[in-house]
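A quick write-up on the structure given underneath.
Number of protein chains: 2
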Amino acid sequence: MSQIYKRVLGVDPGLTRCGVGVVEGAIGSPLTLIGVGVILTPPDAALELRLLQLESELEEWIALHKPTVIAVERVFSQHNVRTVMGTAQAAGIALLVAARRNIPVMMHTPSEVKAAVTGSGRANKVQVAEMVKRLLNLESIPKPVDSTDALALAICHIWRGGANTKIAEAVAIEKSRLAKLVKK
Amino acid sequence: MSQIYKRVLGVDPGLTRCGVGVVEGAIGSPLTLIGVGVILTPPDAALELRLLQLESELEEWIALHKPTVIAVERVFSQHNVRTVMGTAQAAGIALLVAARRNIPVMMHTPSEVKAAVTGSGRANKVQVAEMVKRLLNLESIPKPVDSTDALALAICHIWRGGANTKIAEAVAIEKSRLAKLVKK
Chain A
1 MSQIYKRVLG VDPGLTRCGV GVVEGAIGSP LTLIGVGVIL TPPDAALELR LLQLESELEE
61 WIALHKPTVI AVERVFSQHN VRTVMGTAQA AGIALLVAAR RNIPVMMHTP SEVKAAVTGS
121 GRANKVQVAE MVKRLLNLES IPKPVDSTDA LALAICHIWR GGANTKIAEA VAIEKSRLAK
181 LVKK
Chain B
185 MSQIYKRVLG VDPGLTRCGV GVVEGAIGSP LTLIGVGVIL TPPDAALELR LLQLESELEE
245 WIALHKPTVI AVERVFSQHN VRTVMGTAQA AGIALLVAAR RNIPVMMHTP SEVKAAVTGS
305 GRANKVQVAE MVKRLLNLES IPKPVDSTDA LALAICHIWR GGANTKIAEA VAIEKSRLAK
365 LVKK
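Residue numbers (our numbering), protein chains in the order written: chain A, 1 to 184; chain B, 185 to 368.
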C-alpha cells in the first residue's frame, strides 16, 4: 500500500486560547511533531481585534509550516453558551483562512479525536496528552497542555485519512472550483 | 451643533441570508438610503466556502459604498442553538473585515435597534420595516424584507451616535493602534 504523507495543522479553536499543532505522517508510519503552540488573544481587547489577531497568527502558522490539510475541532453548542460564540467565531476564522488558501479543511468531533488517539471516545485530557506524547515519541507532554488537543486532532486526521480523506480532498478542491465558477 | 455625517453599513449577520444596508445621515438631518441587499450563501456548500463567499461579498460592499462605520447586530445565544453558530460565525467575519480595514465597528442588540427606530424595543418586523420606509422616505418597503433589519441597524447607529460614537470611534482607533504595537 502506498503511503500518503500529510502535514496536518490541527486547530483547537478558542478566542482566549487557540491550540495549534502541526504533525506530519502517514497511516502505518511514525508520526513527526513539526510545531505546537497556543495563540492567545487578550480577553479585554475588542472582539474584532481579537479575531483579526487570530487570523494573522493562523496565517503565520500556515506560512511557516505549510500544512497540506487543516483539521479543526467541531464546535458543539451544548457547552457553555457564552464561550461557544467565541469558539464558533474562532473556528470560523480557521475555516476561512484555509478556504482562502485553498487548503483542504476538515472538522472532527472531540470524541472522534479521543477515540482515534486513545481508543476511547470518553478519554480524559490527561489520557489524550499521554498518548500524544507516546505517539509523537516525545520525552514529555508538550506544553502548554491545551496544545496537545490540537496535536491529537492532527493525529486523528492522519489516521482517519487514507481513501476517505483523499475523496474528501478531491471533493473540497472540486467544490472550491465550482464556488469560483458560481461567483461569476 | 455641528452635524457629523456618517455612512453606516449595517450587517444583520446570517450564513444563509446576511442582510446588508448602507445609510448616510447625521442626527437631526434626513437619512439617505445608499444601498441595500442580502448576501446569500448556499446551505449545501461546505461551511468554509460559505464563510469565504460571505467575506468576499462583504469586502465588495465596503469597496463599493465606502462606509465610515460598520454596525453589526449582536448575536444572542438564547436563539436556536443550531443556527446561532452560523450567525456567530457570520458576525465574526463582518467584524474581521471591518478590523482589517480599520473601519470602526460597533454592535447593537436587536432591542436597541427596534427601540431606536420605532420607539419600542418589542416592535415586530412589520413595524420596523414600516418605520425604515418612512425614515428613509421610500415609496415602499425595501425588498427583500430581511434587508430592512440591516437598514434599521444602520439608522440606529446614526441616531445613537453623536458624542458617544465619537468617543467609541476614538477608542476603536486607539485600540487598533495599540494592538499593532502589542503585536511587536
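Even glycine gets a Cβ: it sits at the ideal position worked out from N, Cα and C.
- Query: In the DSSP assignment, what are the bridge partners of R17 (chain A)?
  - Reply: As a first step, residue 17 (chain A) must be located in the first sequence, where it is residue number 17. Per DSSP, A:L40.
- Residues bridged to G219 (chain B) (per DSSP): Along the second sequence, one-based indexing puts residue 219 (chain B) at 35. G219 (chain B) pairs with B:V206.
- Same chain, Cβ closer than 6 Å to V297 (chain B), five either side skipped, listed in chain order: Taking the second sequence and counting its residues from 1, one reaches residue 297 (chain B) at position 113. Excluding sequence neighbours, V297 (chain B) sits near A336, L337 and C340.
- Task: Would you tell me roughly how many angstroms separate the C-alpha atoms of R234 (chain B) and L95 (chain A), rounded to the nearest one?
- Result: The count along the second sequence starts at 1 and reaches residue 234 (chain B) at position 50. The count along the first sequence starts at 1 and reaches residue 95 (chain A) at position 95. Taking the straight line from one Cα to the other gives about 10 Å.
- Query: Can you list, in chain order, the residues of its chain whose CB lies under 6 Å from that of L193 (chain B), leaving out five sequence neighbours each side?
  - Reply: Within the second sequence, numbered from 1, the residue matching residue 193 (chain B) stands at position 9. Correct list, in chain order: V206, P251 and I254.
- Query: Should E232 (chain A) be flagged as near chain B, meaning a C-beta pair shorter than 7 Å?
  - Reply: Past the boundaries of the shown model lies residue 232 (chain A); chain A is included only from 1 to 184, so the question cannot be answered.
- Message: On a Cα-Cα basis, can you pick out the residue from B:R344, B:M315 and B:V268 that is closest to L199 (chain B)?
- Response: Indexing the second sequence from 1 puts residue 199 (chain B) at position 15. Of the listed residues, the one whose Cα sits closest to L199 (chain B) is B:V268.
- So A91 (chain A) packs on P144 (chain A), CB below 8 Å; how close in whole Å? Here residue 91 (chain A) corresponds to residue number 91 of the first sequence, with the count starting at 1. Here residue 144 (chain A) corresponds to residue number 144 of the first sequence, with the count starting at 1. Rounded, the Cβ-Cβ distance is 19 Å, inconsistent with contact.
- Given H185 (chain A) as reference, the closest of A:M131, A:K6 and A:L138 once Cα atoms are compared: Nothing can be reported for residue 185 (chain A), as the shown portion of chain A is limited to 1 through 184.
- Task: State the start and end residues of the unbroken alpha helix (DSSP H) segment that holds I339 (chain B).
- Result: As a first step, residue 339 (chain B) is located in the second sequence; it is residue number 155 there, counting from the start. Note, I339 (chain B): alpha helix (DSSP H), S331 to R344.
- G203 (chain B) beta carbon less than 7 Å from that of S331 (chain B): By 1-based counting over the second sequence, the position of residue 331 (chain B) is 147. By 1-based counting over the second sequence, the position of residue 203 (chain B) is 19. Contact flag set, yes.
- Where does I277 (chain B) sit, in a helix, a strand or coil, going by DSSP? Taking the first residue of the second sequence as 1, we reach residue 277 (chain B) at position 93. Of the three classes helix, strand and coil, the one that applies to I277 (chain B) here is helix, per DSSP.
- Message: Let me check understanding here. Comparing Cα to Cα, which of A:A46, A:P104, A:G25 and A:A98 lies closest to N286 (chain B)?
- Response: What you label residue 286 (chain B) is simply residue 102 of the second sequence in a count that begins at 1. Comparing Cα positions, the closest option is A:A46.
- Query: Name the chain A residues whose beta carbon is nearer than 7 Å to that of R284 (chain B)?
  - Reply: Against the second sequence, residue 284 (chain B) aligns to sequence position 100. Under the 7 Å cutoff, chain A gives L52.
- Local Cβ density within 10 Å of T41 (chain A), reported as buried at 16 or more and exposed below that: By one-based count along the first sequence, residue 41 (chain A) stands at place 41. With 16 or more other Cβ atoms within 10 Å, it is buried.
- Query: How about G25 (chain A) and I158 (chain A): do their beta carbons lie closer than 7 Å?
  - Reply: Sequence index remark: in the first sequence, residue 25 (chain A) carries index 25 (1-based). Sequence index remark: in the first sequence, residue 158 (chain A) carries index 158 (1-based). Cβ atoms of G25 (chain A) and I158 (chain A): closer than 7 Å.
- Task: Helix, strand or coil for K133 (chain A), going by three-state DSSP, please let me know.
- Result: Numbered from its first residue, the first sequence carries residue 133 (chain A) at position 133. Correct three-state label for K133 (chain A): helix.
- Contact with chain A by M269 (chain B), beta-carbon distance below 7 Å: By 1-based counting over the second sequence, the position of residue 269 (chain B) is 85. Yes, because at least one Cβ of chain A sits closer than 7 Å to the Cβ of M269 (chain B).
- Task: Say yes only if the C-beta of N321 (chain B) is nearer than 6 Å to one or more non-hydrogen atoms of the ligand MG, and no if none qualify.
- Result: With respect to the ligand MG, the structure shown offers nothing to examine, as it has no ligands at all.
- I185 (chain A) by DSSP, collapsed to three states: which one? Given that chain A is displayed from residue 1 to residue 184, the structure contains no residue 185 (chain A) and the question cannot be resolved.
- Task: Pick out whichever of A:A63, A:Q89 and A:A98 has its Cα sitting closest to the Cα of V259 (chain B).
- Result: Within the second sequence, numbered from 1, the residue matching residue 259 (chain B) stands at position 75. Closest by alpha carbon: A:Q89.
- Do you know how far the Cα of M107 (chain A) is from the Cα of V72 (chain A)? Residue 72 (chain A) sits at position 72 when you count from the first residue of the first sequence. Residue 107 (chain A) sits at position 107 when you count from the first residue of the first sequence. V72 (chain A) and M107 (chain A): Cα-Cα distance of roughly 5 Å.
- Task: May I ask you to report which of helix, strand or coil DSSP gives V75 (chain A)?
- Result: As a first step, residue 75 (chain A) is located in the first sequence; it is residue number 75 there, counting from the start. In this structure, V75 (chain A) counts as coil in the three-state DSSP scheme.
- Query: With which residues is K6 (chain A) paired in a DSSP beta bridge?
  - Reply: Taking the first sequence and counting its residues from 1, one reaches residue 6 (chain A) at position 6. Its beta-bridge partners are A:G25.
- Item | Distance between E241 (chain B) and M1 (chain A) (C-alpha atoms, nearest Å) | For the purposes of this step, residue 1 (chain A) is taken as the residue at position 1 of the first sequence. For the purposes of this step, residue 241 (chain B) is taken as the residue at position 57 of the second sequence. Annotation note: pLDDT 45 at M1 (chain A) (below 50); position unreliable, coordinate value reported separately. About 44 Å.
- Task: Examine chain A for any beta-carbon lying closer than 7 Å to the beta-carbon of L224 (chain B), and answer yes or no.
- Result: As a first step, residue 224 (chain B) is located in the second sequence; it is residue number 40 there, counting from the start. It does not; no Cβ of chain A falls within 7 Å.
- Task: Starting from the Cα of I223 (chain B), find the closest Cα among B:L215, B:W245, B:R344 and B:P214 and give me that residue.
- Result: Taking the first residue of the second sequence as position 1, residue 223 (chain B) is located at position 39. I223 (chain B) has its Cα closest to that of B:W245, out of B:L215, B:W245, B:R344 and B:P214.
- Would you tell me roughly how many angstroms separate the C-alpha atoms of R122 (chain A) and R160 (chain A), rounded to the nearest one? Here residue 122 (chain A) is taken as the residue at index 122 of the first sequence, counted from 1. Here residue 160 (chain A) is taken as the residue at index 160 of the first sequence, counted from 1. When rounded, the distance between both Cα atoms is 18 Å.
- Message: At the level of alpha carbons, what is the spacing between V186 (chain A) and A116 (chain A)?
- Response: The question about residue 186 (chain A) has no answer here: the residues shown for chain A are numbered 1 through 184.
- Query: Count the other CB atoms within 10 Å of the CB of P288 (chain B); is the residue buried (16 or more) or exposed (fewer)?
  - Reply: Stepping through the second sequence from its first residue, residue 288 (chain B) is reached at position 104. Buried is the call here.
- Applying a beta-carbon distance threshold of less than 9 Å, which residues of chain A neighbour I277 (chain B)? Counted from its first residue, the second sequence places residue 277 (chain B) at position 93. Result: L51, Q89, G92, I93 and L96.
- Task: Return the residue from the list B:R318, B:R284, B:S295 and B:S213 that minimises the CA-CA distance to N308 (chain B).
- Result: Residue mapping note: residue 308 (chain B) aligns to position 124 of the second sequence, counting from 1. Checking every option, the nearest Cα to that of N308 (chain B) belongs to B:S295.
- Can you find a CB in chain A that lies within less than 7 Å of the CB of E243 (chain B)? As a position in the second sequence, residue 243 (chain B) is number 59, starting the count at 1. Judged by the 7 Å Cβ criterion, E243 (chain B) is not in contact with chain A.
- Alpha-carbon spacing of Q53 (chain A) relative to I34 (chain A), whole angstroms: Counted from its first residue, the first sequence places residue 53 (chain A) at position 53. Counted from its first residue, the first sequence places residue 34 (chain A) at position 34. Going by the C-alpha atoms only, they are around 22 Å apart.
- Task: Would you mind stating whether E55 (chain A) and I93 (chain A) have Cβ atoms separated by less than 7 Å?
- Result: Within the first sequence, the letter at position 55 stands for residue 55 (chain A). Within the first sequence, the letter at position 93 stands for residue 93 (chain A). Their beta carbons are under 7 Å apart, which means E55 (chain A) touches I93 (chain A) by this criterion.
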